[in-house]
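Numbering (my numbering) for the sequence shown: 34 to 426. A short write-up of the structure that comes next.
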Amino acid sequence: MKAYQIKPQVYWVGAIDWSLRTFHGYVTDRGSSYNAYLIIDEKITLIDNVKSYLVEEMMARIASVIDPSQIEIIISNHGEPDHSGSIKELIKLAPKAKIYAQAPNGVKILQATYGDLPIVPVKNGEQLKIGKRTLSFYHAPMVHWPDNMVVYDQEDKILFSNDIFGQHMASSERFDGDLPLEMILFEAKKYYANIVLPYTKQAARIFAAAKELDIKMIATSHGIIWRDHLPEIFQLYEYLTQSQKQTKAVVVYDTMWQSTEKIAVEIAETFSELAIPVRLYNINDTDASNIMTEIIDAKYLAVGSSTINNNMLPTIAGFLCYLKGLAPVGLSSFAFGSYGWGGQSIAQIEEQLDTLGFKRLMPGIRINYVPKPEDLKQIHDDIAQALHQAKTV
Ligand code: FEO
């Protein structure tokens, strides 16, 4: 295991989690990486660390450059255990190091998680001279926990951005220019949709501040480092932090005996005929985190479920719970479903969509048992009329 030089005297010393497939509900099809950075200056500095089970990988990479006991400064940009999980082991191997963490939340989180540690609280805007380099700390609360910070290295013009601009992606490549741009932008969008989205206001504030800095490299805490495609990642964050929308519909459903599925297909077909691009998902086939990546910039959302034992199907209840936590904005929505007797699922879904503050595009579609051709025609006509009334087509 070797360190990877990203600038003279600045090294990536993180760990690659090739087999990670879920990050508390976020399906990480491409794995992830936990990026840590070593700066060789008068005071040897480590920025962030890695999950506990990958500590040996990080230590080996550090040891390929210096004796870890020489580290004097450990910056903890974020106390979530994917970036702090090795801190106890690290402090044993670097006994003269002090840990710099955001005051007060970073200090509190590290102490609550790991007990007594030699922590130096850091205020917003504080600077730290580590030799020829000066590091500036900017608090980034709630992007993604209350303690997040980013660090700007004025000398190298690197922004150590922690979770912001990250992507869950394992790769042997370290820079954005070494992988297909479309793929890494997709992963950055997916990351935003599933991690950053509820904190868009805070992300917009940090993004506005970042644009004022002279940045030549963004060293994230997950995935690749942005260097060759800075305009593209900035453009994506501009788009996402402004909650911009595409004329696009997303249809999500689960079905017991394919009747709700027939309705879902008719809804998707109708949007398509009306020249509105549509994405259709059976919740059993596609995980919610990939669906969120489409919902984040969609204008329309239709959610459907059969009724089972007076309720919506648990898969759709779980999806709505996930959706509620991420709180996307600016959608027009409606519910649909087939039922035999009670038919409660449609009203239950509508209630959840209302709670999210979405506009109701039209009343819920309720079909008793199997939809007949005339039912499907009615669905088509009702959607067309609702869109016409909304003056969107
Ligand atoms: Fe990658 Fe919020 O930790």
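Glycine included, every Cβ here is placed at the ideal spot set by N, Cα and C.
Quick check on this structure: which residue in the options has the alpha carbon closest to the alpha carbon of residue i?
{"i": "residue 252", "options": "293, 278, 194, 299", "result": "194"}
{"i": "residue 330", "options": "347, 223, 375", "result": "223"}
{"i": "residue 254", "options": "109, 340, 356, 73", "result": "109"}
{"i": "residue 294", "options": "62, 400, 388, 212", "result": "400"}
{"i": "residue 204", "options": "376, 174, 62", "result": "62"}
{"i": "residue 342", "options": "325, 219, 381, 168", "result": "381"}
{"i": "residue 408", "options": "388, 394, 296", "result": "296"}
{"i": "residue 375", "options": "391, 340, 385, 358", "result": "340"}
{"i": "residue 53", "options": "244, 45, 67", "result": "67"}
{"i": "residue 347", "options": "138, 233, 286", "result": "286"}
Just to check my reading of the structure: residue i and residue j have Cβ atoms closer than 8 Å, yes? What is that Cβ distance to the nearest angstrom?
{"i": "residue 79", "j": "residue 107", "result": "5 Å"}
{"i": "residue 334", "j": "residue 378", "result": "Between residue 378 and residue 334 the Cβ distance is about 16 Å, and since that is not below 8 Å, they are no contact."}
{"i": "residue 134", "j": "residue 152", "result": "5 Å"}
{"i": "residue 269", "j": "residue 221", "result": "6 Å"}
{"i": "residue 383", "j": "residue 397", "result": "5 Å"}
{"i": "residue 360", "j": "residue 231", "result": "5 Å"}
How many Å lie between residue i and residue j at the Cα?
{"i": "residue 275", "j": "residue 402", "result": "42 Å"}
{"i": "residue 13", "j": "residue 185", "result": "Coverage of the chain is limited to positions 34 through 426, which leaves residue 13 absent and any answer about it impossible."}
{"i": "residue 282", "j": "residue 38", "result": "44 Å"}
{"i": "residue 301", "j": "residue 312", "result": "7 Å"}
{"i": "residue 414", "j": "residue 338", "result": "21 Å"}
{"i": "residue 191", "j": "residue 247", "result": "9 Å"}
{"i": "residue 214", "j": "residue 117", "result": "29 Å"}
{"i": "residue 129", "j": "residue 101", "result": "10 Å"}
{"i": "residue 42", "j": "residue 211", "result": "21 Å"}
{"i": "residue 171", "j": "residue 183", "result": "5 Å"}
{"i": "residue 71", "j": "residue 103", "result": "11 Å"}
{"i": "residue 122", "j": "residue 60", "result": "29 Å"}
{"i": "residue 35", "j": "residue 207", "result": "13 Å"}
{"i": "residue 146", "j": "residue 165", "result": "34 Å"}
{"i": "residue 336", "j": "residue 316", "result": "10 Å"}
On the DSSP bridge assignment, give the partners of residue i in chain order.
{"i": "residue 106", "result": "78, 131"}
{"i": "residue 401", "result": "372"}
{"i": "residue 253", "result": "195"}
{"i": "residue 60", "result": "55"}
{"i": "residue 341", "result": "344"}
- Task: Enumerate, from N- to C-terminal direction, the unbroken alpha helix (DSSP H) stretches of 4 or more residues contained entirely within the region 261-289.
- Result: 263-274
- Only counting runs of 4 or more residues, tell me where the alpha helix (DSSP H) segments fall wholly within the region 291-340, in order along the chain. 292-306, 321-328
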